[in-house]
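Using the numbering used here, the first residue of the sequence shown is number 402, and each one after it goes up by one. The beta carbon of each residue, even a glycine, is placed where N, CA and C say it ideally should be. Taking it in order: structure first as structure tokens, then the write-up.
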Amino acid sequence: RYLALKQSKEKVRFAGKCNSACTLFLSLPEKQLCITKNASFGFHAAYGRSKEDNEFATWFMFSQYPKWVQNWVTRKGGLTKREIVMDYEYASKHMKGC
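Laid out in structure tokens, this is it:
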């Protein structure tokens with residue numbers, strides 16, 4: 402779905418909670434993204450497979466995020482089992498409104 406959106410250049414509108422895998426859409430080109438006032442983003446480490454698979458998936462997800470997301474996640478302690486939530490106030494400093 403991510404690749405199809407990237408190729409189509411269709412706009413992605415973040416409105417409400419975007420948790421877990423949904424956050425990967427933040428790595429789409431900036432011009433495709435916009436945010437509404439009730440948006441938030443929940444991040445956590447990958448889980449469900451083997452330890453090695455989870456570590457790779459977590460690294461891969463993190464590496465795909467734009468630098469401003471990586472910096473925020475790092476300041477919050479990184480991707481762990483505990484979910485961390487980025488609110489609209491912070492995200493809107495880096496994304497245009499819808």
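Item                                                                                       : Value
Host alpha helix (DSSP H) of residue 462 (start-end)                                       : 452-465
Check whether residue 446 and residue 477 have beta carbons under 8 Å apart                : no
Residue 493 in three-state terms, based on DSSP                                            : coil
Cβ pair residue 435, residue 499 closer than 8 Å                                           : yes
The stretch 448-455 in contact with the stretch 411-429 per 3-pair CB rule at 8 Å          : no
Straight-line gap, residue 457 to residue 464 (C-alpha atoms, nearest Å)                   : 10 Å
Presumed contact (8 Å Cβ cut-off) between residue 443 and residue 486, rounded CB distance : 5 Å
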